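Step one of this worksheet: look at the structure below.
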Amino acid sequence: MKNVYLSQTSIFYDGLPYVYLPYSIGSVWSYANQFDIVRNNYKLKKLLFLRDSVSDVVESLDNPRIFGFSSYLWNENYNLKIAEKVKDKYPDCTIIFGGPSVPENSKRFLLKYPFVDFCIHNEGEASFYSLLKEFESPFPNFDLPNISHLKFGDYFKGEFVRALSLEDIPSPYASGLFDNMLIEHPDLIFNLTLETNRGCPFSCTFCDWGSLTTAKVKKFAFERIKEDLLWAAHNNIEFVQCADANFGIFKQRDTEIVNYIIDLKNQYGYPKSFSTSWNKNMKTDLLKLAKKLVDAGMFRRFTASIQTLNDDSLVAVKRKNLDGSDFLNIIDEAKELGLPVSTEIIMGLPNETYESYLDLLEYLRVKNVPYNYGHLHILKNSEMAKKSYIQEHEFDIIHSVSSYGSEDVKEYEHIVVGTKTLPRDKMLKLYLFQWLMYSFERLKFTDLIADTLNKVYNIKFTEFYNDLLNHILTDTNHLLHKDFIRLSSPLDNDCLAVLDNHPNLKQYDILDKIFYNETFYDDLKKFCINKYGCDSEILEDAILYQLNSFRYKKVDETIKVNFKSNLFNVLNSTDKLLKTPTHFTVFKEKIPTQYPNWFSFIRSKTSWGNFADSRFNEVQLHN
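Below, the structure is given as structure tokens:
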């Protein structure tokens, strides 16, 4: 029996014990192991999913003959390092690489990493099995579909062939493949990846999803999906991540899936939550489906991935299936249904400008649409990664250290830090602007002040934050000046371009500094008066409202807040601004002592995209 090891290293978020079950390698093995030739000749020794030290992994191996790796952004270099060490110690071990990080044209990859014997492209189940079968042949022929390798120094890549039927792939969950993993790691909270279909009919240039599976969408058997979800319920799996590219594309079937998930939660208490990427062509029926999950407490909000509202950018990334008017209709329809809605946007898309991106943020803020943003990454198998595309849009790309790595092995990302319409200096300024506005708004540092400036003085939200950023960068005495100057240092290959994980942030000490030092607001008052000619008493009320809307402080206390105006009512209604004394009473809760700072406490209670718990509801505030 030949010993087989398969690796799909997961990632931990914020050091929390949440980890994904290694579905991809589980699916690959489940398919191969249904055939006698595999069961009679190969033994699965271990599914590796934790990022242990490279030396510990290699030392733990028992004469591996086959070692397969599923590679993506968060584990590519880690996998390569292990593979190299394994080949050194066990030269007869066959190394196989698959996953999204394997380039479609893998010749350069195979030459650069000679310890890799085979690459599997696209769907891996049938291809992995075909390799194992050929290894047992007296006259093996490795010129197989979806497989590349070097043969006597020459490069070979087989033709592209999709899996004949997804119904032929057994479930790694229902088969019991992961059962022992749950028993062996009681300290971990496992998340489950669910596939109901595979494929994507769209061809967004920044994405590698469609390129890996082609346009045709294939469906898994409904009974298998039910088995997967039932396994999740029986094993107390809290979170299910549906890996479909366009969940909801099959209206009737996907409705049945959602109904089944909700029934399981009602019966067993698990799974507790469900998330997915929704169908890009969004219709009212899709919103109703999401509303079912929200009403069941399994889903926070519907996410419409708009990416940008710049028409030129949408054309460049082949994303014109959803324009601004469609998005506005979706927002309105969601509100009519009582469905919370958010969106995802990408910074630095081709043809985007500094001004057009601020227009997007202004639109979202006016419409009160929460959003998460990402920086434009170049994925290896995306259309955007093509040399001609990069040259056309004059991409300035850095090979940046990512947050996924470990002390012994760093991981890297290709991040766009400049384009033809948004050169590097402008992009860096935009990074700073986006981080400032997103942080200050989500953490409720300045949102009420921004509301006041907008409603009372007709100052655009983005105008305020852009002016504030310039003020911080130019005023050497500002509380945050040195922090932002440090962050605005030139980007280089050793510096994270993504400011959310910038090493100079030091655990978000900038945000903690604001919370614990009210001189920030003293300066802000002076700035707004000088810049916009604001009435001093109205601005004082706005800052007072802002400061006392924080739910948490250092000690438990009840506070009565006295205003010089009815600003509270103005911001929460259509009342006319009057200098009429008003007040509210609020109880502030103490931050538990086990948290080193306020920010770490808030992070423990809410996700980065929704910090609503950091502030009282306005109705609770008003007295």
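Read in order, the letters of the sequence shown correspond to residues 38 to 660 in the numbering used here.
Note that CB positions come from ideal geometry on N, CA and C, so glycine has one too.
Here the structure is a predicted model, which means the values were calculated and not measured.
- For Ile-575, the number of other beta carbons within 10 angstroms of its own is at least 16, and it is reported as buried.
- Under the DSSP definition of a beta bridge, Lys-194 partners with Ser-185.
- In this structure, the alpha-carbon of Gly-334 lies about 17 Å from that of Ala-269.
- Straight across, the Cα-Cα distance linking Ser-67 with Lys-80 is about 12 Å.
- When secondary structure is reduced to three states using DSSP, Ser-525 falls in the coil class, being assigned neither helix nor strand.
- Using a Cβ distance threshold of 8 Å, Glu-370 and Tyr-408 do not count as a contacting pair.
- In this structure, the straight-line span from the alpha carbon of Ile-184 to that of Pro-128 is close to 21 Å.
- Around the beta carbon of Gly-375, fewer than 16 other beta carbons sit within 10 angstroms, so the residue counts as exposed.
- Rounded to the nearest angstrom, the gap between the Cα atoms of Pro-182 and Phe-587 is 59 Å.
- If you look at Gly-63, you'll find it in the alpha helix (DSSP H) that goes 60 to 69.
- Asp-433 is bridged by DSSP to Gly-455.
- In this structure, the beta-carbon distance from Lys-355 to Thr-242 falls below 8 Å.
- Selection Thr-390, Phe-477 and Leu-148 evaluated against Asp-191 yields Leu-148 as nearest (Cα-Cα).
- For Gln-344 against Ser-312, the beta-carbon gap comes to about 18 Å, at or over 8 Å, which does not count as contact.
- The region 108 to 126 and the region 202 to 211 do not touch, with fewer than three beta-carbon pairs separated by less than 8 Å.
- A check of alpha carbon separations from Tyr-569 across Tyr-494, Val-95 and Asp-549 identifies Tyr-494 as the nearest.
- Contact check between the region 387 to 404 and the region 208 to 228: fewer than three CB pairs, one atom from each, fall below 8 Å, which does not count as touching.
- A straight-line Cα-Cα distance of about 11 Å links Ile-383 and Tyr-468.
- Within the same chain, Cβ atoms closer than 6 Å to the Cβ of Asn-234 are found at Val-254, Lys-256 and Asp-281, the five residues on either side in sequence being excluded.
- C-alpha of Asn-491 to C-alpha of Trp-315: approximately 33 Å in a straight line.
- Sequence-distant partners of Ala-341 (beyond 5 residues in either direction) whose C-beta falls short of 7 Å from its own C-beta, in its chain, are Met-319, Phe-364, Ile-367, Val-378 and Thr-380.
- Take Ser-64, set aside five residues on each side of it, and the residues of its chain with a beta-carbon closer than 7 Å to its own are Glu-162, Ile-206 and Pro-209, in chain order.
- In the DSSP assignment, Val-331 falls within the alpha helix (DSSP H) that extends over 321 to 332.
- In terms of Cβ geometry, Tyr-307 and Ile-274 form a close pair [threshold 8 Å].
- The beta carbon of Asn-40 sits closer than 7 Å to the beta carbons of Lys-80, Lys-82, Asp-99, Asn-100, Pro-101 and Arg-102 from its chain, once the five residues preceding and following it are set aside; these are given in chain order.
- Rounded to whole angstroms, the gap between the alpha carbons of Asp-224 and Asp-89 is 16 Å.
- Check the Cα spacing between Thr-556 and each of Asn-283, Ile-580 and Ser-573: the tightest is with Ile-580.
- Ranked by Cα distance from Glu-429, the options Leu-614, Leu-608 and Pro-387 are led by Pro-387.
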